[in-house]
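*Asks:* Okay, here's the structure, questions in a sec.
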Amino acid sequence: MAKTNNSWVLITGASSGFGEEFARQYAGQGHSLVLVARRLDRLQALAEALRRQYRIEIVVEQVDLSDIAAVTQLHRRLHERGIAIDILINNAGHGLQGPFVESQLDAALAMVQLDVASLTAVTHVFAQDMRARGRGKILLVASLLAYQGVQNFAVYAAAKAYVLRLGEALHREFKRDGVTVTVLCPGVSDTGFATAAQMKITPALKPLMMRPAPVVRAGIRALQAGRISVVPGWANKALVILTWATPRRLHQAFLSRAMNG
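Residues 6 to 266 in this note's numbering are what the sequence shown spells out, letter by letter.
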């Protein structure tokens with residue numbers, strides 16, 4: 006059983022992948038949890054398992070975060086229950102691989118809505134509370150693709166670049182207010198994301214595949230340490246260095262080949 010921690014952690018996209026792993030690791034630290042996602046059955050099953058194992062308080066919220074009004078309603082419900090969020094894990098997101106003009110416009114815009122607009126809204130409403138209290142931590146989950154535009158990932162890479170730049174700016178804005186903002190930029194990970202995104206796992210990507218647990222541990226440690234951003238995994242770090250050290254045409258060609266085969 007974990008030692009009880011009175012602070013609340015809100016995790017978006019908590020029904021699977023990184024979100025589920027964040028819930029497990031923070032539960033192991035004894036934090037109370039607010040689990041947010043669309044799939045109620047999976048949220049309830051996860052909450053019940055964590056309650057039994059760690060004897061912590063968990064609130065389950067079925068929310069479609071692509072609806073901005075639903076974000077503000079979530080914030081209001083938690084406020085009415087007297088729940089103040091100490092740590093926000095802004096993890097919910099969606100990706101899709103494919104040629105830009107051959108993809109459905111609605112799918113591309115839905116990606117922008119969730120990965121950019123909704124993430125911004127969630128960050129805004131809970132950051133206001135943290136700033137007023139003079140304390141809090143926010144982790145934004147971006148992607149290794151935030152560092153470069155990659156063929157057949159045009160909208161997703163652009164959306165995650167927004168997340169990275171937003172987090173970098175807010176890290177400096179909120180630091181003087183006692184609020185830490187950190188950006189987690191994972192590479193290819195075994196979370197089920199690839200299947201949902203119809204992503205091709207090429208031979209070049211297979212050796213880079215990471216399990217969710219070490220990625221989440223890296224994010225939690227970086228947030229606790231007050232870092233501006235973190236790229237988990239030595240191979241992923243090397244790719245970022247490659248991005249910094251080579252001409253854009255070279256590293257974009259390399260990444261496009263690695264991602265698309």
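Every residue, glycine too, gets a C-beta built ideally from N, C-alpha and C.
Out of L15, A50, T248, L149, point me to the one whose CA is closest to L83's CA.
*Replies:* Nearest of L15, A50, T248, L149 to L83, Cα basis: L15.
*Asks:* Judging by CA-CA distance, which residue of A243, S12, I233, D72 is the nearest neighbour of L119?
*Replies:* That would be D72, whose Cα lies nearest to the Cα of L119.
*Asks:* Let's test the definition: count the other Cβ atoms within 10 Å of the Cβ of V68 and tell me whether it reaches 16, buried, or not, exposed.
*Replies:* Its Cβ being crowded by 16 or more others within 10 Å, V68 is buried.
*Asks:* What residue from G18, G141, A159, I246 has the CA that sits closest to Q229's CA?
*Replies:* When only C-alpha atoms are compared, the closest one is G141.
*Asks:* Report the residue ranges of all alpha helix (DSSP H) runs contained in full by the segment 122 to 168; include only those spanning at least 4 residues, in chain order.
*Replies:* You should have 124 to 138.
*Asks:* What's the call for E85, buried or exposed, on a 16-neighbour Cβ count within 10 Å?
*Replies:* E85 is exposed by the Cβ-count criterion.
*Asks:* Let's test the definition: count the other Cβ atoms within 10 Å of the Cβ of D111 and tell me whether it reaches 16, buried, or not, exposed.
*Replies:* By the 10 Å Cβ count, D111 comes out exposed.
*Asks:* Please report the straight-line C-alpha distance between H176 and S21, rounded to a whole angstrom.
*Replies:* Rounded to the nearest angstrom, the two C-alpha atoms are 27 Å apart.
*Asks:* Measuring CB to CB, does N96 end up less than 8 Å from G24?
*Replies:* The answer is yes: Cβ separation under 8 Å.
*Asks:* List the DSSP bridge partners of L95.
*Replies:* Note on identity: in this sequence residue 95 is Asn, with Leu being the wrong assignment. Answer is L145.
*Asks:* Rounded to the nearest angstrom, what separates V117 and G18 at their Cα positions?
*Replies:* Cα-Cα distance, rounded: 16 Å.
*Asks:* Determine the direct distance from the alpha carbon of A32 to that of Y59, and round the result to whole angstroms.
*Replies:* Their Cα atoms are separated by approximately 7 Å.
*Asks:* In whole angstroms, give me the CA-to-CA distance for Q78 and V121.
*Replies:* About 19 Å.
*Asks:* Please determine, among V127, M214, E107, V41, the residue with the shortest C-alpha to C-alpha distance to L171.
*Replies:* The shortest C-alpha separation from L171 is found at V127.
*Asks:* Please list the segments of the beta strand (DSSP E) lying wholly inside the segment 34 to 96, counting only runs of 3 or more residues, in order along the chain.
*Replies:* Correct list: 36 to 42, 63 to 67, 90 to 95.
*Asks:* Does the beta-carbon distance from V168 to A137 come in below 8 Å?
*Replies:* Cβ atoms of V168 and A137: not closer than 8 Å.
*Asks:* Using C-beta distances below 8 Å, list every residue in its chain close to A115, excluding the 5 sequence neighbours before and after it, in chain order.
*Replies:* S71, H99, listed in sequence order.
*Asks:* Determine the contact status of N241 and L150, defining contact as a CB-CB distance below 8 Å.
*Replies:* Not closer than 8 Å, so no.
*Asks:* When the Cα of L48 is compared with those of D182, V65, H36, which residue comes out closest?
*Replies:* Out of D182, V65, H36, V65 has the C-alpha closest to the C-alpha of L48.
*Asks:* If M135 and V184 are in contact, beta carbons under 8 Å, what's the gap, nearest whole angstrom?
*Replies:* Yes, they are in contact, since the Cβ atoms of M135 and V184 sit about 5 Å apart, within 8 Å.
*Asks:* Just the Cα atoms here: how many angstroms apart are V220 and R81?
*Replies:* Taking the straight line from one Cα to the other gives about 31 Å.
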